[in-house]
Amino acid sequence: MFDIKDVLICAHPYSELETMYKKETDVERRIRLEQNQCYMLIEFTRATVEASSIAIEVASVTWDGPHTPVTSWHAVSSICFASTEKQINSARKKALKRRRFFTTCVICNELNPIGHMSYGGACQGCAEEYLGVVH
88 MFDIKDVLIC AHPYSELETM YKKETDVERR IRLEQNQCYM LIEFTRATVE ASSIAIEVAS
148 VTWDGPHTPV TSWHAVSSIC FASTEKQINS ARKKALKRRR FFTTCVICNE LNPIGHMSYG
208 GACQGCAEEY LGVVH
């Protein structure tokens, strides 16, 4: 017998519904999603010092061929030059909520840059594992 938490329903790219079984405890899921947030914060946001402020930038990913990702940095906000480390990190976390640059996978619920998403709202990893996509 399966617990409802073990059943993951996702939209198939052809508008069918498929049921995927994923065994993961609530604690494991929480840890995985926290690790994802840390990774995204480190790899896809940064703070750069400008003349009189600190710019908060996010990375966008485009593709120059099937195996060649290209990263571009975009300023999304600026904060006071005298901001504390806590304020800077808070601004970087807020930048991760920008849907123009990031979205959540419908299967694994991990945050990803838009450029790392496949069709149907799945990240590239889930698209390969569950939807049969070959990258």
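If you want my numbering, it's the position in the sequence shown, counting the first as 1, plus 87. Even glycine gets a Cβ: it sits at the ideal position worked out from N, Cα and C.
- Message: Helix, strand or coil, according to DSSP, for Leu128 in the structure here?
- Response: In the sequence shown, counting from the first residue as 1, residue 128 sits at position 41. Helix, per DSSP.
- Item | For Glu172, the first and last residue of its enclosing alpha helix (DSSP H) | Translated into the one-based positions of the sequence shown, residue 172 becomes position 85. According to the DSSP assignment, Glu172 belongs to the alpha helix (DSSP H) that extends over Glu172 to Ala182.
- Query: Using 8 Å as the threshold, is the segment 148 to 161 in touch with the segment 195 to 202, meaning 3 or more CB pairs across them?
  - Reply: yes
- Task: Express the C-alpha separation of Glu130 and Ile143 in angstroms, rounding to a whole number.
- Result: The count along the sequence shown starts at 1 and reaches residue 143 at position 56. The count along the sequence shown starts at 1 and reaches residue 130 at position 43. Distance between the alpha carbons of Ile143 and Glu130 is about 13 Å.
- Message: Assuming Cys167 is part of the beta strand (DSSP E), what are its boundary residues?
- Response: Taking the sequence shown and counting its residues from 1, the one referred to as residue 167 is at position 80. Under the DSSP assignment, Cys167 falls in the beta strand (DSSP E) whose first and last residues are Pro156 to Cys167.
- Taking the CB atoms as reference points, tell me whether Asn196 and Leu128 lie closer together than 8 Å. Indexing the sequence shown from 1 puts residue 196 at position 109. Indexing the sequence shown from 1 puts residue 128 at position 41. No; because the gap between Cβ atoms is not below 8 Å, this pair is not in contact.
- If we count the other Cβ atoms within 10 Å of its Cβ and call it buried at 16 or more, is Gly207 buried or exposed? By one-based count along the sequence shown, residue 207 stands at place 120. Buried, since its Cβ has 16 or more Cβ neighbours within 10 Å.
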